[in-house]
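Sequential numbering from 129 applies to the sequence shown in our numbering.
Note that the Cβ used here is the ideal one computed from N, Cα and C, for glycine as well.
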Amino acid sequence: NLAKAIHPQTEAYVLYTSGSTGMPKGVLQLQKNVLHYIRVYTNATHISEKDNLSVFSTYTFDASVKDMYGAILNGATVSMYNIIENGLQQLSNWLTSQQITIMHMVPTLYRHFIKTLSAETTINTVRLLDLGGEACYKSDVEIFKANFSKDALLVNDYGPTEATIIAQKFISHATEVPKNNVALGKPVIDTEVFIWDENHRELGIYQEGEIVFKSDYLSVGYLNKEAQTNTVFLASADGTHRYYKSGDIGRLLPNGEIEFLNRRDSQVKLNGQRIELSEIEYQLEQLEAVKKVVVIVNTINETQYLTAYIQPVETINADEIKIALQQQLPNYMIPSIYMFMEEFPLTRTGKISRKELPHPTLSNLKTQDYVAPESETEQALVQIISEILAIPTEEIGIYDSFFELGATSLKILELTNKVNQQLNIALRPIDFFQSPNVHAITNKIVNNDTNIEDKVEEDLSNKVDELLDLI
129 NLAKAIHPQT EAYVLYTSGS TGMPKGVLQL QKNVLHYIRV YTNATHISEK DNLSVFSTYT
189 FDASVKDMYG AILNGATVSM YNIIENGLQQ LSNWLTSQQI TIMHMVPTLY RHFIKTLSAE
249 TTINTVRLLD LGGEACYKSD VEIFKANFSK DALLVNDYGP TEATIIAQKF ISHATEVPKN
309 NVALGKPVID TEVFIWDENH RELGIYQEGE IVFKSDYLSV GYLNKEAQTN TVFLASADGT
369 HRYYKSGDIG RLLPNGEIEF LNRRDSQVKL NGQRIELSEI EYQLEQLEAV KKVVVIVNTI
429 NETQYLTAYI QPVETINADE IKIALQQQLP NYMIPSIYMF MEEFPLTRTG KISRKELPHP
489 TLSNLKTQDY VAPESETEQA LVQIISEILA IPTEEIGIYD SFFELGATSL KILELTNKVN
549 QQLNIALRPI DFFQSPNVHA ITNKIVNNDT NIEDKVEEDL SNKVDELLDL I
C-alpha cells in the first residue's frame with residue numbers, strides 16, 4: 129500500500145496511432161480515464177480474483193491496458209502468451225493449461241487461431257471471448273458458437289484509443305445475428321453516442337453519418353498537436369461537455385444500438401492495423417524522385433495489398449522507395465506493390481480517378497526471376513504456400529519472397545502451423561521472417577535447424593516488428 133496520491137487528472141500514458149499529416153499522433157490519456165476503462169470492463173464482465181485474463185497485445189496497443197489492469201485491479205491473474213515464439217498451434221493447449229477465463233483478441237488473429245483447431249475441439253475454460261480493434265462479422269459469431277462452451281459469451285467491443293471504450297454488444301449461443309456486420313452495441317455508462325451530419329446536426333434512426341462520442345472520459349487530445357486536437361475534440365456551447373468525432377460512419381438502429389458502416393476518410397484497417405493512407409502518401413511525396421502519389425488497397429487472389437501509384441520526376445525503383453520508407457514508417461504501412469504512372473486518370477472535376485487506376489497482378493509483386501522447385505521439400509512448401517496465399521503453384525519460385533507474394537504476419541502464423549503439421553517439424557514464425565523464401569527455409573529444414581528451443585537473436589528482421597505491432 130504505497131503512500132502515493134495520484135490525482136485523477138494526472139497523465140497516465142501516451143499511445144501513438146497513425147496520423148494523416150505524415151507523423152503519428154500521441155493520444156494522451158488520464159488516470160481517471162484508465163479507471164473508467166477498467167470499471168466498465170469489470171462491471172460488464174464481472175471480473176473477479178478467480179479469473180485469468182490473456183494478454184496477446186504489446187504494451188503499445190491500448191488493448192494491453194485493458195487486459196493487464198483489468199486483471200491487476202481486480203486481484204485476478206494476468207497471463208501473457210508470446211505468439212512470435214510459440215505461434216498459434218499451441219495456443220489451445222495453453223488456454224487450457226493456464227485455465228484462461230477471459231480471452232481478448234483482434235478478430236483477424238482470432239480467425240487464424242480458429243483455423244488451427246480440430247473439428248471436435250471445444251475451449252471450455254474461456255467464459256468470455258472479447259473481440260475488439262476491428263469489425264466483427266456474423267461468421268465470427270458462428271465459429272464462436274462452434275468452438276466455445278455453451279455457457280461462454282462473446283463481446284464485440286468498440287472504442288478507439290482516443291476514447292478507450294464506447295460501446296459493447298454481448299452475444300450468447302442463443303443470440304441470433306441477422307446481418308453480416310455485428311452491431312457495436314449500446315453505449316457504456318457515462319457515455320453518449322450520436323450520429324452527426326457534416327454540419328454537426330444529430331441524425332435519426334437509419335440515417336448515415338459520423339459516429340460521435342460525448343463523455344467525461346475522452347483523451348485530452350494529441351500530444352503537442354493542438355490543431356489536430358481541436359479538429360476532432362469539440363467542446364459543447366456552454367463548455368461543460370466534450371465530444372470526439374471518430375471518423376467512423378455508422379447509423380443508429382431502432383433498438384438503440386450503433387451499426388458501423390465504414391471510414392469517412394482515407395483510414396483503412398488492414399490485418400488488424402489502423403492505417404492512414406494519406407500518411408503513406410505524405411511520406412512518399414517527400415522523396416525528390418516522386419511528383420505525385422496515390423495509395424490504395426487492392427485485392428489479388430483474396431489477399432489485400434497496399435499499392436502505391438507513383439508519378440516520378442526521375443528514375444527510381446521499388447527497392448529504393450522501400451528503403452526510404454523504412455526510415456519513416458512501420459513495416460505494416462509500407463506498400464507491397466508500386467505502379468509507376470506517366471499520368472493519372474482524372475475525373476471531370478480534375479481529381480484523380482482512383483477507380484480508373486490499373487489493377488495490379490502477381491507479376492507486380494515479384495522482384496526475382498522465376499526458379500522452379502526441385503526437391504520434395506521445396507515442392508511441398510510451394511504447395512502449402514499456394515494453398516494459404518491462393519496463388520497457383522506455377523507462380524511461386526523458390527527465391528520469391530513470401531512477403532512480396534502477399535504473406536502478412538498472420539499468414540506467416542498460418543503457414544508455420546501447416547508446414548509443421550505436414551512436414552512433422554518444429555519451425556517457428558520467426559524462422560520464416562529470417563528465411564523468407566522457399567530456398568532459404570528449405571536449407572533450414574535440411575540442416576535440421578528447426579529446434580523450437582533455439583534462442584531468438586536480437587537482430588531480427590524488421591518483419592518481426594510488424595508482427596509485434598499487429599498483435
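Around the beta carbon of Leu237, 16 or more other beta carbons sit within 10 angstroms, so the residue counts as buried. In this structure, Ile211 lies away from Ile558, with their beta-carbon atoms at least 8 Å apart. Tyr371 counts as buried, since no fewer than 16 other beta carbons sit within 10 angstroms of its beta carbon.
No Cβ-Cβ contact shorter than 8 Å links Asn171 with Thr205. Per the Cβ contact rule, the stretch 417-434 is not in contact with the stretch 345-357 (fewer than 3 Cβ pairs under 8 Å).
Counting along the chain, the unbroken alpha helix (DSSP H) around His240 starts and ends at Pro235 to Lys243. Taking the CA atoms as reference points, Pro306 sits about 11 Å from Tyr265. Note on Asn575: under 16 other CB atoms within 10 angstroms of its CB, so exposed under the neighbour-count rule.
Fully contained in the stretch 262-318 are the following beta strand (DSSP E) runs of length 3 or more, in chain order: 281-286 and 295-299. Shown here for Arg392: same chain residues with a beta carbon closer than 8 Å to its own, the five before and five after excluded, namely Glu338, Gly375, Asp376 and Ile377 in chain order. A Cβ-Cβ distance of about 6 Å is found for the pair Leu541 and His240, placing them in contact under the 8 Å criterion. Pro520 and Glu385 have their C-alpha atoms some 44 Å from each other. With three or more CB-CB distances shorter than 8 Å, the stretch 304-322 counts as touching the stretch 285-296. Inclusion of Leu509 and Thr570 in the CB contact set at 8 Å is warranted, their separation being smaller than that value. Rounded to the nearest whole angstrom, the C-alpha separation of Glu409 and Glu177 is 48 Å.
Residue pairing by DSSP puts Phe468 in a beta bridge opposite Ile438. In this chain, Phe341 is not harboured by any alpha helix (DSSP H); it is covered by the beta strand (DSSP E) spanning Gly337 to Ser343. Per the DSSP secondary-structure output, Asn180 pairs in a beta bridge with Thr205. Taking a contact as a CB-CB distance under 8 Å, the pair Ile451 and Ala417 does not count as one, their CB atoms being some 12 Å apart.
With fewer than 16 other Cβ atoms inside 10 Å of its own Cβ, Glu442 counts as exposed. Scanning Gly260, Leu381 and Ile438 for the CA closest to the CA of Val421 turns up Ile438. Looking at the DSSP output, Lys132 sits in no beta bridge, so it has no partner there.
Cα atoms of Ala363 and Phe341: separation of roughly 12 Å, rounded to the nearest angstrom.
Here the alpha carbons of Lys373 and Thr359 stand approximately 8 Å from one another. Pairwise C-beta distances place the stretch 519-537 in contact with the stretch 489-505, as three or more of them are shorter than 8 Å. Thr544 sits in a helix when the DSSP states are folded into three classes. Out of Gln137, Lys539 and Gln401, the CA that lies nearest to the CA of Tyr144 is found in Gln401. Across the set Ala302, Asp318 and Leu380, the C-alpha of Leu380 shows the shortest separation from the C-alpha of Tyr334. Ala199 counts as buried, since no fewer than 16 other beta carbons sit within 10 angstroms of its beta carbon.
8 Å or more divides the Cβ of Ser185 from the Cβ of Ile228. For Asp258, the enclosing beta strand (DSSP E) begins and ends at Leu256 to Leu259. If the five residues before and after Leu490 are omitted, its C-beta is found closer than 6 Å to the C-beta atoms of Glu523, all from its own chain and listed in chain order. Within the same chain, and ignoring the five residues on either side of Ser563 in sequence, the residues whose Cβ sits closer than 6 Å to its Cβ are Ile569 and Lys572.
Leaving aside the five residues that flank Asp195 on each side, the residues in its chain whose CB is nearer than 6 Å to its CB run, in chain order, Leu181, Val183 and His232. Ser464 is a Cβ neighbour of Tyr433, given a cutoff of 8 Å. The three-state reading of DSSP puts Tyr527 in coil, since its state is none of H, G, I, E or B.
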